[in-house]
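S.K.:
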Amino acid sequence: MSRGTGAGYDRHITIFSPEGRLYQVEYAFKAVKAAGVTSIGVRGKDSVCVVTQKKVPDKLLDQTSVTHLFPITKYLGLLATGMTADARSLVSQARNEAAEFRFKWGYEMPVDVLSKWIADKAQVYTQHAYMRPLGVASMVLGIDEEKGPQLFKCDPAGHFFGHKATSAGLKEQEAINFLEKKMKNDAAFSYDETVQTAISALQSVLQEDFKATEIEVGVVAEKDPVFRVLSTEEIDEHLTAISERD
Amino acid sequence: MGDSQYSFSLTTFSPSGKLVQIEHALQAVGSGQTSLGIKAANGVVVATEKKLPSILVDETSVQKIQLMTPNIGVVYSGMGPDSRVLVRKSRKQAQQYFRLYKEPIPITQLVRETAAVMQEFTQSGGVRPFGVSLLIAGYDDNGPQLYQVDPSGSYFSWKASAMGKNVSNAKTFLEKRYTEDMELEDAIHTAILTLKEGFEGQISGKNIEIGIIGADRKFRVLSSSEIDDYLAEVE
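In the order they appear, the protein sequences are chains A and B. Numbering-wise (the UniProt record's numbering), the first sequence opens with residue 1 and increments by one. Numbering-wise (the UniProt record's numbering), the second sequence opens with residue 1 and increments by one.
1) Is it the case that the stretch 9 to 20 of chain B contacts the stretch 111 to 127 of chain A, given that we only count it when at least three CB pairs across the two stretches are under 8 Å?
2) Write down the C-beta distance between B:V198 and B:N166 rounded to the nearest angstrom, noting that I regard them as a contact closer than 8 Å.
3) Among B:A28, B:S225, B:S16, which residue has its Cα nearest to the Cα of B:D150?
4) Within its chain, find whatever has a CB closer than 7 Å to the CB of B:T69; leave out the 5 residues flanking it on each side and keep chain order.
5) Of the residues that make up the UniProt domain "Proteasome alpha-type subunits" (6 to 28) of chain B, which ones have a beta carbon closer than 9 Å to any beta carbon in chain A?
6) Just to check my reading of the structure: B:L135 and B:V46 have Cβ atoms closer than 8 Å, yes? What is that Cβ distance to the nearest angstrom?
7) Just checking: is the beta-carbon of A:A80 within a distance shorter than 8 Å of some beta-carbon in chain B?
8) Could you tell me which uninterrupted alpha helix (DSSP H) segments, each at least 4 residues in length, are contained entirely in the stretch 177 to 222 of chain A, listed from first to last along the chain?
9) Can at least three beta-carbon pairs, one atom from the stretch 236 to 246 of chain A and one from the stretch 107 to 126 of chain B, be found at a separation below 8 Å?
10) Starting from B:R88, trace the alpha helix (DSSP H) in both directions and tell me its first and last residue.
11) I'd like the ranges of any beta strand (DSSP E) spanning at least 3 consecutive residues and lying wholly in the stretch 27 to 74 of chain A.
12) What residue range does the beta strand (DSSP E) around A:D224 cover?
13) How would you list, in chain order, the residues of chain A whose beta-carbon sits under 7 Å from the beta-carbon of B:R84?
14) Pick from A:K59, A:V32, A:V111, A:E145: whose alpha carbon is nearest that of A:A80?
15) Please name the residue, chosen from B:P15, B:F98, B:S54, B:K50, that lies closest to B:Y76 on a Cα-to-Cα basis.
16) Rounding to the nearest angstrom, what Cα-Cα distance links A:K55 and B:D216 in this structure?
17) Anything in chain B within Cβ reach of A:P18, meaning under 9 Å, just list it in chain order.
18) Between the stretch 52 to 86 of chain B and chain A, which residues of the former have CB atoms less than 9 Å from a CB of the latter, in chain order?
19) Cα separation between B:A41 and B:N142?
20) Where DSSP assigns a beta bridge to A:K153, which residues make up the other side?
21) For B:Y139, I'd like the list of residues in its chain whose CB is within less than 6 Å of its CB, leaving aside the five on either flank, ordered along the chain.
22) Output the distance between the C-alpha atoms of A:S243 and A:A168, rounded to the nearest integer angstrom.
23) According to DSSP, is A:R102 part of a helix, a strand, or is it coil?
24) Between the C-alpha atoms of B:P15 and A:V124, what's the straight-line distance to the nearest angstrom?
25) Could you check whether the Cβ of B:S224 sits closer than 8 Å to any Cβ belonging to chain A?
26) Check whether the stretch 176 to 188 of chain A and the stretch 206 to 222 of chain A are in contact - that is, three or more C-beta pairs closer than 8 Å.
27) Residues of the stretch 62 to 86 of chain A with a CB closer than 8 Å to any CB of chain B: list them in chain order, please.
28) Between A:M139 and chain B, is there a C-beta pair that is closer than 8 Å?
29) Find the nearest neighbour of A:D144 within the set A:Y130, A:E174, A:P225, A:P156, judged by alpha-carbon distance.
30) Once DSSP output is grouped into helix, strand and coil, what is the label at A:T5?
31) Can you give, in chain order, each stretch of the beta strand (DSSP E) that sits fully within the stretch 125 to 172 of chain B and has at least 3 residues?
32) Under a three-way DSSP split, which group does B:V62 fall into?
33) Taking buried to mean at least 16 other C-beta atoms within 10 Å of its own C-beta, is A:D209 buried or exposed?
34) Could you compute how far the alpha carbon of A:S39 sits from the alpha carbon of A:A221?
35) Report the option in B:Q148, B:K171, B:V132 whose CA atom is closest to the CA atom of B:R112.
36) If we cut at 8 Å on Cβ distances, does A:Y27 have a partner in chain B?
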């Protein structure tokens, strides 16, 4: 217990370390990476696309049951990167919250309101000792009535920002570097460009070409503001377009 | 608050009589982005750096300076998520006061209640102190006021103050430049110059935020183009 200053619990529960850090929160970020999956989100002029790897570790697993992409309402999607069980718990609560919002206030929960709710919940876990932070980084996407396409990312620390493009998971930093270059000139991507930028970013960062069954793609577009998961055929079309372009 | 298994305080006295968790919380504040406030004769200005982790972040989705009531604003240094909790609680308290007395809450009262919340989290079971210091600025019947609240829950009224990474340089700069009869416009220029002192990189309307309140008693956050105009004046 006499490990320098502090009671020595600063690594076990979310109390401050002597340098003013929260180790449990930092470890939660590591847990997001430990899942071994990278996700990417891109916001275009009138659409948003999120992409993630679909790692099925065992051939005996039912592939259709392995997913990190969850509809929260008809119009809002959530891509969870990190610990699957924590993700499911969060999605379940988010679905409840969004449904209550719609019932209470009479209009659909906007993207930024849901993201704030998720982030505020994450903050509670960083301050109360009885619950650990969730090992999940969430990307929430949807079309906002007033602001258009929106992409938000929430992390275990309780931060949330709107993004033009972002990444989470194992190769997060490499992906962000790649996307910064692509979006430097305030690019306003069309729907196809948005999807293809997201997929090619993932391919470039992981340095492998995917088959349509190895990735999951979720989109919302202004012309059809419903959250949709693309079918393998649609993903194949985009993959073909990318390889022909290169 | 907290689960029954944690009905003991995590913030306890060290043998030398210090509350180390609070000291660590102050460290967290000290590594946060610089923010400052200046009380002028006819208003108050608060300002903060708004450095975002990547150019991919949509800076219009982030607003660090928040309103607690139409005539009271707040800026923080330290952990953003913690500040959201305090803003939410304070807004509710302000509204409860208004519902009871049909009068806007005086700034001193709101500051006192916010500080009480922060103190609670240094003593209650199973929670850690807030990792933020707040600068609360407002204009009420007692004129323009600026308060700083620390993670311990102690608060003081300031003529000008700074928090975060560059606190000592900023405070020295403010001490030199502050005058009692400063007008709000001068205060805004001084605030920008103070931020500029410790700023790494190119300062612009996109990576700082400024909030002002004048005798009109309406707190508002300046748009990035307004900030750019002030920056041009200061050059």
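Just so it is clear, CB atoms sit at the ideal spot from N, CA and C, and this is done for glycine as well.
M.R.: In this structure, then:
1) The stretch 111 to 127 of chain A vs the stretch 9 to 20 of chain B: no contact.
2) Locating residue 198 of chain B in the second sequence gives position 198, counting from the first residue. Locating residue 166 of chain B in the second sequence gives position 166, counting from the first residue. The displayed chain sequence assigns Gly, not Val, to residue 198 of chain B. Their Cβ separation, rounded to whole angstroms, is 3 Å, which keeps B:G198 and B:N166 in contact under 8 Å.
3) As a working note, residue 150 of chain B is residue 150 in the second sequence. Of B:A28, B:S225, B:S16, the residue nearest in Cα terms is B:A28.
4) What you label residue 69 of chain B is simply residue 69 of the second sequence in a count that begins at 1. Cβ neighbours of B:T69 beyond the five flanking positions: A94, P104, I105.
5) Residues of the UniProt domain "Proteasome alpha-type subunits" (6 to 28) of chain B that bring their beta carbon within less than 9 Å of a beta carbon in chain A comprise Y6, L10, T11, T12, S14, V20, Q21, I22, E23, H24, A25, L26, Q27, A28, in sequence order.
6) Counted from its first residue, the second sequence places residue 135 of chain B at position 135. Counted from its first residue, the second sequence places residue 46 of chain B at position 46. The Cβ separation is near 5 Å, so the contact holds.
7) Against the first sequence, residue 80 of chain A aligns to sequence position 80. No, its Cβ sits nowhere closer than 8 Å to a Cβ of chain B.
8) 191 to 206, all fully within the stretch 177 to 222 of chain A.
9) As far as the Cβ criterion goes, the stretch 236 to 246 of chain A does not touch the stretch 107 to 126 of chain B, which means the pair count is below three.
10) Taking the first residue of the second sequence as 1, we reach residue 88 of chain B at position 88. Segment 80 to 101, the alpha helix (DSSP H) holding B:R88.
11) For the stretch 27 to 74 of chain A, whole beta strand (DSSP E) runs of length 3 or above, ordered along the chain, are 38 to 43, 47 to 53, 69 to 71.
12) Reading the first sequence from its first residue, position 224 is the one you call residue 224 of chain A. Looking at the DSSP string, the run of the beta strand (DSSP E) that includes A:D224 is 224 to 229.
13) Sequence index remark: in the second sequence, residue 84 of chain B carries index 84 (1-based). Those within 7 Å of B:R84 in chain A are D120, Q123.
14) As a working note, residue 80 of chain A is residue 80 in the first sequence. The alpha carbon of A:A80 has as its nearest neighbour, out of A:K59, A:V32, A:V111, A:E145, the alpha carbon of A:V32.
15) In the second sequence, residue 76 of chain B corresponds to position 76, counting from 1. Checked all of B:P15, B:F98, B:S54, B:K50; the closest Cα to B:Y76 is B:K50.
16) Numbered from its first residue, the first sequence carries residue 55 of chain A at position 55. Numbered from its first residue, the second sequence carries residue 216 of chain B at position 216. Cα to Cα, the separation comes out at about 59 Å.
17) Here residue 18 of chain A refers to the residue found at position 18 when the first sequence is read from its first residue. The answer, in chain order, is V20, E23, H24, Q27.
18) If the cut-off is 9 Å between Cβ atoms, the stretch 52 to 86 of chain B has L52, P53, S54, I55, L56, V57, D58, E59, T60, S61, V62, G78, M79, G80, P81, D82, R84, V85 near chain A.
19) As a working mapping, residue 41 of chain B is identified with position 41 in the second sequence. As a working mapping, residue 142 of chain B is identified with position 142 in the second sequence. Whole-angstrom Cα-Cα distance: 12 Å.
20) Translated into the one-based positions of the first sequence, residue 153 of chain A becomes position 153. In DSSP, A:K153 forms a bridge with A:M139, A:F161.
21) For the purposes of this step, residue 139 of chain B is taken as residue 139 along the second sequence, with counting starting at 1. Excluding residues within five positions, the ones whose Cβ falls inside 6 Å are N71, I213, R217.
22) Working through the first sequence from its first residue, we reach residue 243 of chain A at position 243. Working through the first sequence from its first residue, we reach residue 168 of chain A at position 168. Straight-line measurement puts the Cα of A:A168 at about 24 Å from the Cα of A:S243.
23) Numbered from 1 along the first sequence, position 102 holds the residue referred to as residue 102 of chain A. Looking at A:R102 - three-state DSSP - the assignment turns out to be helix.
24) Walking along the second sequence from the start, residue 15 of chain B turns up at place 15. Walking along the first sequence from the start, residue 124 of chain A turns up at place 124. Their Cα atoms are separated by approximately 30 Å.
25) Taking the first residue of the second sequence as 1, we reach residue 224 of chain B at position 224. Chain A places no beta carbon closer than 8 Å to that of B:S224, leaving this residue out of the contacts.
26) The way I'd put it, the stretch 176 to 188 of chain A doesn't touch the stretch 206 to 222 of chain A; fewer than three beta-carbon pairs between them come closer than 8 Å.
27) Residues of the stretch 62 to 86 of chain A with a C-beta less than 8 Å from any C-beta of chain B: none at all.
28) Locating residue 139 of chain A in the first sequence gives position 139, where the first residue counts as 1. Judged by the 8 Å Cβ criterion, A:M139 is not in contact with chain B.
29) Locating residue 144 of chain A in the first sequence gives position 144, where the first residue counts as 1. When only C-alpha atoms are compared, the closest one is A:P225.
30) Here residue 5 of chain A refers to the residue found at position 5 of the first sequence. In this prediction, A:T5 scores a pLDDT of 43, lower than 50, which makes its location untrustworthy; the coordinate-derived value is nonetheless stated afterwards. A:T5: coil per DSSP, three-state reduction.
31) Correct list: 132 to 140, 143 to 149, 155 to 157, 160 to 163.
32) In the second sequence, residue 62 of chain B corresponds to position 62, counting from 1. In the structure shown, B:V62 sits in coil (DSSP, three-state: anything other than H, G, I, E or B).
33) The sequence position of residue 209 of chain A within the first sequence is 209, counting from 1. Label assigned to A:D209: exposed.
34) Position 39 of the first sequence, counting from 1, holds the residue named residue 39 of chain A. Position 221 of the first sequence, counting from 1, holds the residue named residue 221 of chain A. It is roughly 19 Å from the alpha-carbon of A:S39 to the alpha-carbon of A:A221.
35) Residue mapping note: residue 112 of chain B aligns to position 112 of the second sequence, counting from 1. Looking from the CA of B:R112, the closest CA among B:Q148, B:K171, B:V132 belongs to B:Q148.
36) Reading the first sequence from its first residue, position 27 is the one you call residue 27 of chain A. Taking Cβ atoms only, chain B never reaches closer than 8 Å to A:Y27, which makes this a no.
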